[in-house]
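What follows is a short report on a single structure.
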Amino acid sequence: MKILGIETSCDETAASVVEDGNKILSNVVVSQIDIFAEYGGVIPEVAARSHLEVMMPVINKALSDASCNWDDIDAIAVTHAPGLLGSLLIGTLTARTLAILHNKPLYATHHLKSHVYANWLGSPDISPSFPLLAVVISGGHTQLLYMKEHDHFEIIGTTHDDAIGECFDKVAKILGLPYPGGPSIAKMALNGDKNRYKLPHPNVSNLDFSFSGLKTAVLRAVQKECGLPISHPSHDLKNHLSDSQVADFAASFQKTAVDILIEKIRMAVDEYPNIKSIVFAGGVSANLALREEASSSLSSWPVFFPEPKLSGDNGAMVAAAAYYEIKSGVEPADPFKLNIYPRISIED
Ligand code: KG4
Ligand code: ZN
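Going by the numbering used here, the sequence shown runs without a break in its numbering and finishes at 765.
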């Protein structure tokens with residue numbers, strides 16, 4: 418079964434053809450990073466307009482790279498939740514129109530579910546086994562999900578404030594590193610001393626997270642290091658830091674964020690002792706320091722990471738998620754009525 422997956426929930430316009438939920442025949446991603454690097458963050462209106470400009474060329478390239486025409490496609494899948502309203506609208510309206518025009522069944526997937534299913538792309542012989550712990554770490558979400566079987570998600574931990582990716586992005590801004598912050602911090606941290614600055618772990622006793630305090634702790638530590646008062650504007654701090662201080666702050670912050678994550682994962686597997694594998698998902702799962710730490714300190718469980726290029730937003734994961742929805746008996750959506758849900762939970 419060949420599924421065309423379409424993803425436009427934030428600032429990537431993506432389409433992919435995937436066969437039987439795991440074999441990627443094509444994967445086209447047009448990122449708007451260059452546009453938003455200038456502004457230091459995503460501007461929703463601009464994102465929607467950019468999706469509109471490249472949506473059809475991206476889909477046509479996904480079909481031609483896969484050597485497919487419309488007759489070869491068995492179903493269309495699209496992200497309909499959560500995400501930026503205008504961005505979701507462009508993807509879903511395109512998918513609805515194509516489903517009607519080419520008479521294809523249409524499946525609507527939740528973005529976090531798709532991130533998790535990026536772990537089923539690739540060889541079917543080494544898929545995660547259930548029940549599993551999914552660690553969803555992206556720009557908008559930080560959640561621990563208990564997945565007892567395919568297409569079944571229970572949120573067992575979530576963030577009270579900032580998402581971990583958002584925290585990387587905000588700390589990068591303080592340090593004067595370019596957007597998106599995650600890759601910039603990871604790169605800078607390679608030359609830094611991760612033990613130079615001691616940063617606090619949040620005081621959250623259950624499986625939940627809090628990352629806004631960590632961002633503020635970095636801000637205060639930078640102000641202190643520069644000998645500036647706490648009233649000093651954060652946008653100017655970068656002008657007072659040397660390259661080696663920036664590298665040490667990046668490394669110390671990254672280490673703390675990774676340690677916080679690993680600590681919660683350990684608590685989760687203690688609380689749910691029947692967990693058979695640990696699956697990472699979302700943009701932050703591309704982080705190399707996290708990958709290294711997870712493989713060494715969680716070595717008692719099979720640990721899965723998506724291929725780095727599939728950690729961020731892409732259409733292949735949407736097609737994979739839809740494949741397992743179809744296998745679980747989910748009915749196709751009505752292409753004349755499919756709605757978008759910018760803020761809906763994965764449990765709804
Ligand atoms: O999943 P994603 O592409 O989009 C959302 O669904 O949010 O995640 C984007 C987030 C951004 O916050 C970005 O800074 C972060 O993932 N990110 C990383 C890395 N690559 C991307 N964070 C840490 N290390 C990375 N290598
Ligand atoms: Zn995402």
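Where is the CB? At the ideal position from N, CA and C, for every residue including glycine.
*Taking just the CA atoms, how far does Leu658 sit from Arg804?*
Because the chain spans 418 through 765 in this model, residue 804 falls outside it and cannot be assessed.
*Val495 beta carbon less than 7 Å from that of Gly503*: The residue you call residue 503 lines up with position 86 of the sequence shown. The residue you call residue 495 lines up with position 78 of the sequence shown. Cβ atoms of Gly503 and Val495: not closer than 7 Å.
*Who are the near neighbours of Ile423 in its chain, counting only those whose CB is closer than 6 Å to its CB and skipping five residues on each side?*
Here residue 423 refers to the residue found at position 6 when the sequence shown is read from its first residue. If we look at Ile423 and ignore the five residues flanking it on each side, its Cβ neighbours are Ala432, Val495, Gly508, Ala512, Gly732.
*Residues near Ile517 by beta carbon distance below 6 Å, same chain, minus five either side*: Here residue 517 corresponds to residue number 100 of the sequence shown, with the count starting at 1. Around Ile517, the same chain offers Pro752 as residues with beta carbons nearer than 6 Å, after the five sequence neighbours per side are excluded.
*What residue from Phe666, Asn536, Ser601 has the CA that sits closest to Cys643's CA?*
Stepping through the sequence shown from its first residue, residue 643 is reached at position 226. Closest by alpha carbon: Phe666.
_One question on the structure: do Leu616 and Val639 come within less than 7 Å of each other, judged by their Cβ atoms?_
For this step, residue 616 is matched to residue 199 along the sequence shown. For this step, residue 639 is matched to residue 222 along the sequence shown. Contact flag unset, no.
*Which word fits Thr514, buried or exposed, when buried means at least 16 other C-beta atoms lie within 10 angstroms of its C-beta?*
Translated into the one-based positions of the sequence shown, residue 514 becomes position 97. Thr514 is exposed by the Cβ-count criterion.
*asked:* Tell me the rounded alpha-carbon separation between Ile490 and Val445.
replied: What you label residue 490 is simply residue 73 of the sequence shown in a count that begins at 1. What you label residue 445 is simply residue 28 of the sequence shown in a count that begins at 1. The C-alpha of Val445 is placed about 16 Å away from the C-alpha of Ile490.
*Using a threshold of 7 Å, state whether the C-beta atoms of Ala739 and His532 are closer than that.*
The residue labelled residue 739 in the question sits at position 322 within the sequence shown. The residue labelled residue 532 in the question sits at position 115 within the sequence shown. 7 Å or more divides the Cβ of Ala739 from the Cβ of His532.
*Roughly how many angstroms separate the alpha carbons of Asp568 and Pro646, rounded to a whole number?*
As a first step, residue 568 must be located in the sequence shown, where it is residue number 151. As a first step, residue 646 must be located in the sequence shown, where it is residue number 229. Between the alpha carbons of Asp568 and Pro646 lies a distance of about 51 Å.
*Can you tell me whether DSSP reads Tyr614 as helix, strand or coil?*
In the sequence shown, the residue the question calls residue 614 occupies position 197. In the three-state reduction of the DSSP assignment, Tyr614 falls in the coil class, being assigned neither a helical nor a strand state.
*Local conformation of Gln560 per DSSP, three classes*: By 1-based counting over the sequence shown, the position of residue 560 is 143. DSSP places Gln560 in the strand class (E or B) of the three-state scheme.
*Just to check, is the beta-carbon of Ser467 closer than 6 Å to a non-hydrogen atom of the ligand KG4?*
By 1-based counting over the sequence shown, the position of residue 467 is 50. Not so, every heavy atom of the ligand KG4 lies at least 6 Å from the Cβ.
*asked:* If I follow the unbroken alpha helix (DSSP H) through Ala736, where does it start and stop?
replied: As a first step, residue 736 must be located in the sequence shown, where it is residue number 319. Unbroken alpha helix (DSSP H) run through Ala736: 732–744.
*Where does Gly630 sit, in a helix, a strand or coil, going by DSSP?*
Residue 630 sits at position 213 when you count from the first residue of the sequence shown. When DSSP states are grouped into helix, strand and coil, Gly630 belongs to the helix group.
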